[in-house]
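S.K.:
Protein chains in written order, with my numbering: chain G, 6 to 354; chain P, 1351 to 1656.
(1) Using only alpha-carbon positions, find the residue among 1432/P, 1404/P, 1431/P that is nearest to residue 1425/P.
(2) Can you find a CB in chain G that lies within less than 9 Å of the CB of residue 1580/P?
(3) Kindly list, in the order they appear in chain P, the residues whose Cβ is closer than 7 Å to that of residue 338/G.
(4) Take residue 1501/P as the anchor and find which of 316/G, 172/G, 200/G has the nearest alpha-carbon.
(5) Determine the DSSP secondary structure at residue 208/G, reduced to helix, strand or coil.
(6) Let me check one thing: in DSSP terms, what residues is residue 86/G bridge-paired to?
(7) Would a check of beta-carbon distances place residue 1577/P closer than 9 Å to chain G?
(8) Determine, using beta carbons only, whether residue 1381/P comes closer than 9 Å to chain G.
(9) Counting only beta-carbon atoms, is residue 200/G nearer than 9 Å to chain P?
(10) On a CA-only basis, which of 1518/P, 1634/P, 1374/P is nearest residue 167/G? Give me that one, please.
(11) Taking the alpha carbon of residue 279/G as the reference point, which residue from 89/G, 117/G, 337/G, 294/G has its own alpha carbon closest?
(12) DSSP on residue 321/G, reduced to helix/strand/coil?
(13) So which residues on chain G does residue 1498/P lean against when the C-beta distance must stay under 8 Å?
(14) Excluding the 5 residues preceding and the 5 following residue 287/G in the sequence, name in chain order all residues of the same chain whose CB lies nearer than 7 Å to its CB.
(15) Evaluate residue 98/G with the Cβ neighbour count: other Cβ atoms within 10 Å of its Cβ, from every protein chain shown; 16 or more gives buried, anything less gives exposed.
(16) For residue 1488/P, would you say it is in contact with chain G, using Cβ-to-Cβ distances shorter than 9 Å as the test?
(17) Got a sec: which bits of the segment 166 to 184 of chain G sit with their beta carbon under 9 Å from any beta carbon on chain P, in order along the chain?
(18) Are residue 93/G and residue 320/G close, meaning C-beta to C-beta below 9 Å?
(19) Give a yes or no on whether the C-beta atoms belonging to residue 72/G and residue 1523/P are separated by under 9 Å.
(20) Counting only beta-carbon atoms, is residue 58/G nearer than 9 Å to chain P?
(21) Quick check: is the beta carbon of residue 1603/P nearer than 9 Å to any beta carbon in chain G?
(22) What residues in the segment 1382 to 1399 of chain P bring their beta carbon closer than 9 Å to a beta carbon of chain G?
(23) Chain P beta carbons: is any one of them nearer than 9 Å to that of residue 77/G?
(24) Are there 16 or more other CB atoms within 10 angstroms of the CB of residue 285/G, so buried, or fewer, so exposed?
(25) Anyone know if the C-beta pair for residue 235/G and residue 273/G falls short of 9 Å?
(26) In chain order, which beta strand (DSSP E) runs of at least 3 residues are fully inside the segment 294 to 320 of chain G?
(27) Identify each residue in the segment 1607 to 1626 of chain P for which the Cβ-Cβ distance to at least one residue of chain G is less than 8 Å, and report them in chain order.
(28) Taking the alpha-carbon positions, what's the residue 1603/P to residue 1592/P distance?
(29) Compute the Euclidean distance between the alpha carbons of residue 1450/P and residue 1520/P, then round it to the nearest angstrom.
(30) Which value, in whole angstroms, describes the spacing of the CA atoms of residue 216/G and residue 125/G?
(31) Are the C-beta atoms of residue 1430/P and some chain G residue less than 9 Å apart?
(32) Which runs of the alpha helix (DSSP H) at least 4 residues long sit entirely within the segment 1546 to 1581 of chain P? Give them in chain order.
(33) Who are the neighbours of residue 325/G on chain P, taking C-beta pairs under 8 Å?
(34) Any Cβ of chain P within less than 9 Å of the Cβ of residue 19/G?
(35) Indicate whether residue 1609/P and residue 180/G have their beta-carbon atoms separated by less than 9 Å.
(36) With a 10 Å radius around its C-beta and 16 neighbouring C-beta atoms as the bar for buried, classify residue 263/G as buried or exposed.
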């Protein structure tokens, strides 16, 4: 992140380096002989106590505090309560139940299944997304101008497709009834894994593996363009001379990637890795559609499991909140790594 | 997505001036292989979108034929007509009602998020104050909080306030969700505006308001376009809050919930569902294509130092 506040070259021309540019910028031009109005006085007060930046931050702090931070705290509170239909409608008093929601979860085999599905899916999808995205980024870097525009426009379209549209389309592609994938697989020769038994294969209701295969294809398809574009931007910062030098020394593309490109772009890859984990951990919308809109309990990931517990009749917001808290804590632990990586690179200066 | 630091680059050595000479035949083969890969990647990437559109223009008789064809033999706009006149999902409500709801929510979100994040970005980029770093770290953390967790407590809160089935509630939530990334990106654009220009204007007698409208705003406009793209997409695509909050009043549905409702009826009216998805997808794709240059620029400015 460019630290333009400090690294600015000395002011050229009329103004040379004001001592406190922030304050000077907001000071009114020569107030003159006007009588002091309330507005002037309050302006004076704000400047004197250097309240300017804090006032500018107030709206964002209110929005973030009330709608992002408080609900997260509240998840923690709800997870220790027996909060259901009676409590939400005000008919029954709130009951504190200690850790019973958590013991409830930890002894539930469905929780462990959902956790396993969530973790395995995240690992597979993150690795695939990074590999595919990096390969496409490298490809874009080496393609001619027109071909690169064509490929990046295609990637842009995948990126732009709303998640609900993409989910519905993939459901249809893999539909047992008229879906193109089952048809293609049933026509493929056996040595390619095809065969007539694929006709009418139901990817949604045949357990976790088929459903999450579709989800992997869907999530990788949606996520690789961002990785590709970011990797491409990183590649453009590497001087071609370095890569050429490696080639002169006899390094092939594989070696020159790992010896030259990767070390230089490691900070970018680190952040992409952490972001991908955060985004692909507990994917809700796509999973909601591909696993058939709640109900296939053996295909739940943590997000669906929490949502089902909280909202399916009879609702148990406390139990759902306990699950959501587990999800939030896992994501926050990953986020700590992300923030540390960012701060180390001077992103917050 | 915003904090990608630039790789530190050593100076190219003297060797860099040497270039390998490859035989033309090899270079042609290499180029052909690369272009082949490019075509394959582009086609695989485009296929789901093409299939969505081609299904949308197929008559029902062709959808379940034993050999699916990529292009319809008898293309029809019948699916679109049914989506438009509201016959499709059995709701009796035209697509335009949902499109209007989505547009209203999205545009309000973009405006609200832009104003609030511009104020915050000016504070962060132009002032040094206590808690500045803490605020920035807070933004990084907050943008990672999972909405699928928050939806539970926000549902309880907004139910208590009687704000379910209310598009205004969604606007507040979407704008708040868009804030961290918008502020994070905009601060770079504000910081990139030379302070000299503002100071010169101040010396020439321009007040803070005038400096803001005449100098700062035009100069950070590209940044606003980039951040607006993100809040636009956040609001246009958002699913889980709309699904949870918009329950009983179908006239309030946003487009993703309309598509979900249509899909969830289990009628297998894939022509109609794909027509609805296509119509829902078009605006955001058009928006993407219009701003793509600026957006990728903005993304990279936010993502990669320098």
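For glycine and all other residues, C-beta sits at the position ideal for the given N, C-alpha and C.
Quick caveat, the model's predicted, so the values are computed rather than measured.
M.R.: Working from what's here:
(1) To locate residue 1425/P, count along the second chain from 1; it is residue 75. Comparing Cα positions, the closest option is 1404/P.
(2) If you number the second chain from 1, residue 1580/P lands on position 230. No, residue 1580/P lies away from the interface with chain G (no Cβ there is under 9 Å from its Cβ).
(3) Walking along the first chain from the start, residue 338/G turns up at place 333. Per Cβ cutoff of 7 Å: no residues; residue 338/G is ~11 Å from chain P at best.
(4) Looking up residue 1501/P in the second chain gives position 151. Distance from the Cα of residue 1501/P is smallest, within the candidate group 316/G, 172/G, 200/G, for 316/G.
(5) For the purposes of this step, residue 208/G is identified with residue 203 of the first chain, where counting begins at 1. If DSSP states are grouped into helix, strand and coil, residue 208/G belongs with coil.
(6) Indexing the first chain from 1 puts residue 86/G at position 81. For residue 86/G, which the question treats as bridged, DSSP gives the partners 101/G.
(7) Taking the first residue of the second chain as 1, we reach residue 1577/P at position 227. Taking Cβ atoms only, chain G never reaches closer than 9 Å to residue 1577/P, which makes this a no.
(8) Reading the second chain from its first residue, position 31 is the one you call residue 1381/P. At least one chain G Cβ lies under 9 Å of residue 1381/P.
(9) Within the first chain, the letter at position 195 stands for residue 200/G. Closer than 9 Å: no.
(10) On the first chain, position 162 is the one that residue 167/G refers to. It is 1634/P.
(11) As a working note, residue 279/G is residue 274 in the first chain. Closest option to residue 279/G, Cα to Cα, is 337/G.
(12) Here residue 321/G is taken as the residue at index 316 of the first chain, counted from 1. Residue state, collapsed to three classes: strand.
(13) Here residue 1498/P refers to the residue found at position 148 when the second chain is read from its first residue. Ordered by position in chain G, the residues that pass the 8 Å Cβ test against residue 1498/P are 287, 289, 308, 311, 312, 329, 332.
(14) By one-based count along the first chain, residue 287/G stands at place 282. If we look at residue 287/G and ignore the five residues flanking it on each side, its Cβ neighbours are 123, 306, 307, 308, 332.
(15) For the purposes of this step, residue 98/G is taken as residue 93 along the first chain, with counting starting at 1. When all chains shown are included, residue 98/G counts as exposed.
(16) Taking the first residue of the second chain as position 1, residue 1488/P is located at position 138. At least one chain G Cβ lies under 9 Å of residue 1488/P.
(17) Using a CB distance below 9 Å, the part of the segment 166 to 184 of chain G facing chain P consists of 166, 167, 168, 169, 170, 171, 172, 173, 174, 175, 176, 177, 178, 180, 182, 183, 184, ordered along the chain.
(18) One-based indexing of the first chain puts residue 93/G at position 88. One-based indexing of the first chain puts residue 320/G at position 315. Between residue 93/G and residue 320/G, the C-beta spacing is below 9 Å.
(19) The residue labelled residue 72/G in the question sits at position 67 within the first chain. The residue labelled residue 1523/P in the question sits at position 173 within the second chain. Contact annotation: residue 72/G and residue 1523/P have beta-carbon atoms nearer than 9 Å.
(20) By 1-based counting over the first chain, the position of residue 58/G is 53. Interface residue, yes.
(21) Counting from 1 along the second chain, the entry for residue 1603/P is found at position 253. No - not a single Cβ of chain G is within 9 Å of the one on residue 1603/P.
(22) Cβ contacts with chain G come from 1384, 1385, 1387, 1388, 1389, 1391, 1392, 1393, 1394, 1395, 1396, 1397, 1398, 1399.
(23) Counting from 1 along the first chain, the entry for residue 77/G is found at position 72. By the rule that beta-carbons nearer than 9 Å mark a contact, residue 77/G touches chain P.
(24) Position 280 of the first chain holds residue 285/G. Label assigned to residue 285/G: buried.
(25) Walking along the first chain from the start, residue 235/G turns up at place 230. Walking along the first chain from the start, residue 273/G turns up at place 268. Result yes, Cβ atoms of residue 235/G and residue 273/G sit closer than 9 Å.
(26) As summarised for the segment 294 to 320 of chain G, there are no continuous beta strand (DSSP E) elements at least 3 residues long confined to that stretch.
(27) Residues are counted here when their Cβ sits less than 8 Å from a Cβ of chain G; for the segment 1607 to 1626 of chain P these are 1609, 1610, 1613, 1614, 1618, 1620, 1623, 1624, given in chain order.
(28) Position 253 of the second chain, counted from the start, is the residue given in the question as residue 1603/P. Position 242 of the second chain, counted from the start, is the residue given in the question as residue 1592/P. Answer to the nearest angstrom: the Cα atoms are 8 Å apart.
(29) For the purposes of this step, residue 1450/P is taken as the residue at position 100 of the second chain. For the purposes of this step, residue 1520/P is taken as the residue at position 170 of the second chain. Within the model, the alpha-carbon separation for residue 1450/P versus residue 1520/P is close to 14 Å.
(30) Numbered from 1 along the first chain, position 211 holds the residue referred to as residue 216/G. Numbered from 1 along the first chain, position 120 holds the residue referred to as residue 125/G. Cα to Cα, the separation comes out at about 13 Å.
(31) Counting from 1 along the second chain, the entry for residue 1430/P is found at position 80. Judged by the 9 Å Cβ criterion, residue 1430/P is not in contact with chain G.
(32) Counting only runs of 4+ residues, the alpha helix (DSSP H) found wholly inside the segment 1546 to 1581 of chain P occupies 1558 to 1561, in chain order.
(33) For the purposes of this step, residue 325/G is taken as residue 320 along the first chain, with counting starting at 1. Going along chain P in sequence order, the residues near residue 325/G (Cβ under 8 Å) are 1502.
(34) Locating residue 19/G in the first chain gives position 14, where the first residue counts as 1. The predicted position of residue 19/G is uncertain, since its pLDDT is 35 and thus under 50; no value can be drawn from it.
(35) Counting from one through the second chain, the residue named residue 1609/P turns up at place 259. Counting from one through the first chain, the residue named residue 180/G turns up at place 175. It is not a contact, given that the beta carbons lie outside the stated cut-off.
(36) Position 258 of the first chain, counted from the start, is the residue given in the question as residue 263/G. Residue 263/G counts as exposed, since fewer than 16 other beta carbons sit within 10 angstroms of its beta carbon.
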